[in-house]
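Participant:
Residue numbers (the working numbering): 157 to 328.
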């Protein structure tokens, strides 16, 4: 994370927004700034994932997870991501980022994100993350339970199932 001003701004704003539960979708209205650009004059491909980190901060803040994690010494860890770029975001363009936790297994939480501008999908993807404590990865059952949420994971979308299989094949 290198967008410290935006990180602080995101966290402060998230504290003023309504609480959410795991599985809810959040929407963030954002703008492409000059330091987001690459040499082609559109938002740098790597910047998308940094912006997704900001969405995760808002999500965890609004779900009440940040104080729980800090108290237990837990921290988020990215396990992988996949993204499909559809159209470039130009300088100063206002866009919307939709972010939700789609499903989870015993280790990983699978989150979907979509960058939109004027109703058009600009980029869409998934990221998987886990929570790590002093003894390694904390089970999804324990992390969700710490929030008082004990529901089972929603069904895995076909996209996530295919990604899990592709990840297994890559690792051999």
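All C-beta atoms, glycine included, are put in the ideal place defined by N, C-alpha and C.
All of these numbers come straight from a predicted model, not from anything done at the bench.
Report the rounded CA-to-CA distance for residue 282 versus residue 166, giving the unit in angstroms.
Facilitator: Approximately 21 Å between the Cα atoms of the pair.
Participant: Do the segment 180-188 and the segment 222-231 make contact, defined as three or more Cβ pairs closer than 8 Å?
Facilitator: No, the segment 180-188 is not in contact with the segment 222-231.
Participant: Measure the C-alpha to C-alpha separation of residue 204 and residue 279 and round it to an integer number of angstroms.
Facilitator: The straight-line gap from Cα to Cα measures roughly 8 Å.
Participant: Using the Cα positions of residue 315 and residue 262, report the straight-line distance between them to the nearest angstrom.
Facilitator: Looking at the two C-alpha atoms, the distance is approximately 19 Å.
Participant: Whose C-alpha, out of 235, 223, 302, 168, is nearest the C-alpha of residue 319?
Facilitator: Out of 235, 223, 302, 168, 235 has the C-alpha closest to the C-alpha of residue 319.
Participant: Can you find the residues in the same chain that come closer than 7 Å, C-beta to C-beta, to residue 173, ignoring five residues on each side of it along the sequence?
Facilitator: Closer than 7 Å at the Cβ level, and outside the excluded window around residue 173, lie 218.
Participant: Short check: CB of residue 259 to CB of residue 312, under 7 Å?
Facilitator: Yes, the pair counts as a contact, with Cβ atoms nearer than the cut-off.
Participant: Considering just the uninterrupted stretch of the beta strand (DSSP E) at residue 181, what are its terminal residues?
Facilitator: Run containing residue 181: 181-187, per the beta strand (DSSP E) assignment.
Participant: Can you have a look at residue 162 and say buried or exposed, based on whether 16 or more other CB atoms are within 10 angstroms of its CB?
Facilitator: With 16 or more Cβ atoms within 10 Å of its Cβ, residue 162 is classed as buried.
Participant: Determine, using beta carbons only, whether residue 183 comes closer than 7 Å to chain D.
Facilitator: Chain labels in this structure do not include chain D; a single protein chain is all it has.
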